[in-house]
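For the sequence shown, full-length UniProt numbering gives the first residue as 1, with consecutive numbering after it. The C-beta atom is built at its ideal place from N, Cα and C for all residues, glycine as well. Predicted model only: the values in this text are computed from it and were never measured. Some notes on the structure that comes next.
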Amino acid sequence: MDHQLLVFTTVVEKENFSRAAEELHMTQPAVSQYIQALEQQIGTRLLERSNKFVRLNMAGEIVYHHAKEILGHYTRMQYLVDDLMNKASGNLFIGASYSFGEYVLPQMISNMLEDYPLIKPSITIRNSKRIVNLIIKNELEIGIVEGEFNHQSLNIEPFAEDLMYVAVAANHPFSRQKNITKQELESETWIIREEGSGTREAADKMFKTLTLNPTNKMEFGSTQIIKESVESGIGISLLSKWAIQRELSSGTLHVIEYEGLPVRRKFSIVTRTVPFQTKAMEIFLKLLREQ
Numbered sequence: 001m002d003h004q005l006l007v008f009t010t011v012v013e014k015e016n017f018s019r020a021a022e023e024l025h026m027t028q029p030a031v032s033q034y035i036q037a038l039e040q041q042i043g044t045r046l047l048e049r050s051n052k053f054v055r056l057n058m059a060g061e062i063v064y065h066h067a068k069e070i071l072g073h074y075t076r077m078q079y080l081v082d083d084l085m086n087k088a089s090g091n092l093f094i095g096a097s098y099s100f101g102e103y104v105l106p107q108m109i110s111n112m113l114e115d116y117p118l119i120k121p122s123i124t125i126r127n128s129k130r131i132v133n134l135i136i137k138n139e140l141e142i143g144i145v146e147g148e149f150n151h152q153s154l155n156i157e158p159f160a161e162d163l164m165y166v167a168v169a170a171n172h173p174f175s176r177q178k179n180i181t182k183q184e185l186e187s188e189t190w191i192i193r194e195e196g197s198g199t200r201e202a203a204d205k206m207f208k209t210l211t212l213n214p215t216n217k218m219e220f221g222s223t224q225i226i227k228e229s230v231e232s233g234i235g236i237s238l239l240s241k242w243a244i245q246r247e248l249s250s251g252t253l254h255v256i257e258y259e260g261l262p263v264r265r266k267f268s269i270v271t272r273t274v275p276f277q278t279k280a281m282e283i284f285l286k287l288l289r290e291q
């Protein structure tokens with residue numbers, strides 16, 4: 001940074017050599033020498049001095065205007081360089097279950113990249129059990145899963161609550177029915193996820209808690225396929241509200257009211273127990289915890 005310009009603008013703004021020297025942690029003679037050197041370089045006096053005040057003359061007005069602009073560029077340049085040198089960057093391997101990975105994670109990644117464009121995320125979407133296994137095998141750095149897990153080499157941190165509802169097609173009789181019986185629910189075709197899925201675990205717990213024993217179940221391996229199947233009237237399903245927000249807004253799906261619903265569950269962050277984390281990982285974990 002040009003110290004002559006810094007000293008000059010400080011003198012102008014403090015209107016006094018002594019106050020400027022105090023602000024800059026310099027001696028008053030040193031401040032005077034900087035001003036004299038600048039005036040010699042410019043080729044004219046810039047300040048009108050008296051025992052009571054220091055004021056700009058016309059030449060000083062011009063120099064002060066441009067000095068402030070130049071110092072502003074210096075400051076911004078330093079900010080940009082510091083930001084670049086300290087910016088989170090590099091690869092970040094993230095895994096997520098279908099509900100979170102397909103319906104929540106994309107917007108989070110978009111928000112992160114706006115502020116940290118040097119981070120290069122790689123996303124893997126699998127069921128919760130598979131994500132945990134990939135973390136254990138060191139193929140992923142961070143996992144977001146549903147359900148309950150415990151492993152001695154993993155940190156598992158619940159961070160968000162999800163509400164799950166029984167969804168039906170908009171033209172399904174349940175969408176207009178207020179008092180649905182247990183027998184009616186059991187007689188429906190239930191579309192459920194595969195073993196190892198957090199959504200499947202939630203559905204199994206719901207059946208047990210509500211003492212439901214459906215006679216007809218269909219097992220699909222994707223939340224998106226389940227939603228489309230429910231919309232088309234093939235069956236009904238327990239789904240995360242995050243996953244069906246768009247369909248609820250558009251009116252293609254409807255959620256039913258029944259005692260014990262909605263089902264509450266937790267999403268958890270899964271990481272390996274390691275002595276340090278990359279800055280990219282720290283940034284993403286912070287975003288997750290603020291979600």
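Exercise. What span of residues does the alpha helix (DSSP H) with F100 cover, start to end?
Worked result: Y98 to Y103
For this session: Any chance you could list the beta strand (DSSP E) runs of at least 3 consecutive residues sitting entirely within the segment 213-291, in chain order?
Result: 216-219, 237-240, 253-255 and 263-272
Exercise. Taking the C-alpha atoms as reference points, what is the distance between V54 and H25?
Worked result: 19 angstroms
Problem set entry | Residue range of the alpha helix (DSSP H) that includes E157 | Premise fails: E157 lies in the beta strand (DSSP E), L154 to A169, not in any alpha helix (DSSP H).
Exercise. DSSP beta-bridge partners for R55?
Worked result: E48
For this session: Output the distance between the C-alpha atoms of L238 and T199, rounded to the nearest integer angstrom.
Result: Distance between the alpha carbons of L238 and T199 is about 8 angstroms.
For this session: Name the one or two DSSP bridge partners that G90 has.
Result: I119
Problem set entry | Other residues of its chain near G60: CB distance less than 7 angstroms, five sequence neighbours each side excluded | L46 and L47
Problem set entry | Separation of A96 from R130, as counted between CA atoms | Spanning the alpha carbons of R130 and A96 requires a straight line of approximately 9 angstroms.
Exercise. First and last residue of the alpha helix (DSSP H) that includes G198?
Worked result: Its alpha helix (DSSP H) spans residues G198 to T209.
Problem set entry | Alpha-carbon to alpha-carbon, M112 and N51 | 56 angstroms
For this session: Tell me where the beta strand (DSSP E) around T189 begins and ends.
Result: T189 to I192
Exercise. Going by Cα to Cα distance, which pick from T27, N179, G72 and A167 is closest to H254?
Worked result: A167
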